[in-house]
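Residue numbers (our numbering): 11 to 262. All C-beta atoms, glycine included, are put in the ideal place defined by N, C-alpha and C.
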Ligand SMILES: [Zn+2]
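Written out as structure tokens, the structure is:
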């Protein structure tokens, strides 16, 4: 058993939870029971995810997309269903949105850079006054299909690529999830391939005219790596805890 408060303090510190302005209310969002034996890790706060966490014997759930965005709203309808299920089951809900995109240690984007084998990585992708992604270079430049294979092997992704960049990819920038807001920055910096999760229709011509490869790996999939890494950090800090990754793909 580990005190909930000890886990919350550890996570707040690991993720520099209050360092960035974010629409998400990051940190402990809904308080549950005080003692924790098992922590569930998931991308989304959803009723089906709570049920699986409860069935797995979790007392805490750590997610990337939490329940509370922009502050407390009416606890009615869907919000009521979520909050009442969490409170009645004693399941603590902890959310980390931008802090879990940008963390150099357990962040989605730094880990995706590692998977791609990028070197010389630096912060990239300005959002709400902070850089939430990372960029770097491939040690050995490669073509687009070879780079897609990296993601098939490392992430189990099925990349969807708008192949408008150079024949050989040297520089890569990554912003997980719906990160194509940073596409212009990638074009301006002369990046060869911009990797994100998913993007809107109009990005096609922006990428074409910018002469850049735009590669989508899936919003959900690109945001599974951070919560899994948080689980490994929790076990290293609190060996008496156990964790479980609750996989609920959304198809996006
Ligand atoms: Zn997301």
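Report the three-state DSSP secondary structure of residue i (helix, strand or coil).
i	result
residue 130	strand
residue 13	strand
residue 184	strand
residue 329	Shown here, the chain extends from 11 to 262; a query on residue 329 therefore has no answer.
residue 232	helix
residue 38	strand
residue 97	helix
residue 143	strand
residue 84	coil
residue 105	strand
residue 32	coil
residue 227	coil
residue 215	helix
For residue i, collect the residues of the same chain with a Cβ closer than 8 Å to its Cβ; drop the 5 residues on either side in sequence, then sort them by chain order.
i	result
residue 211	none
residue 171	154, 158, 223, 224, 225 and 226
On the DSSP bridge assignment, give the partners of residue i in chain order.
i	result
residue 112	Beta-bridge pairing links residue 112 to no other residue.
residue 189	Paired residue(s): none; residue 189 is not in a bridge.
residue 27	DSSP, once it has assigned bridges, lists no residue as partnering residue 27.
residue 194	Residue 194 is not bridged to any residue.
residue 137	140
residue 202	None, per the DSSP bridge assignment.
residue 49	70 and 253
Nearest by alpha-carbon distance to residue i: which of the options is it?
i	options	result
residue 207	90, 227, 76 and 142	227
residue 254	54, 71, 27 and 15	71
residue 141	31, 260, 74 and 11	31
residue 18	104, 99 and 94	104
residue 69	205, 181, 234 and 48	48
residue 121	143, 139, 29 and 53	143
residue 40	20, 67, 259 and 94	94
residue 200	217, 59, 189 and 92	217
residue 24	67, 77, 113 and 46	113
residue 77	15, 132 and 91	91
residue 81	116, 99, 38 and 46	38
residue 66	83, 46 and 84	46
residue 185	245, 242 and 117	117
residue 89	21, 190 and 55	55
residue 177	257, 138 and 221	221
For residue i, which residues from the same chain have a beta carbon less than 6 Å from its beta carbon, with the 5 sequence-adjacent residues on both sides left out?
i	result
residue 130	146 and 147
residue 96	40 and 103
Below 8 Å on the Cβ atoms is my contact criterion, and I expect residue i with residue j to pass it. Report the Cβ-Cβ distance as a whole number of Å.
i	j	result
residue 101	residue 236	Wrong, their Cβ atoms sit about 20 Å apart, outside the cutoff.
residue 44	residue 13	6 Å
residue 167	residue 183	Not confirmed; about 17 Å, so no contact.
residue 156	residue 125	Wrong, their Cβ atoms sit about 14 Å apart, outside the cutoff.
residue 223	residue 204	7 Å
residue 151	residue 180	5 Å
Please go through the same chain and pick out, in chain order, the residues whose beta-carbon is closer than 7 Å to the beta-carbon of residue i, but skip the five residues on each side of it.
i	result
residue 74	53, 106, 107, 110, 233, 236 and 237
residue 161	167, 169 and 227
residue 173	154 and 223
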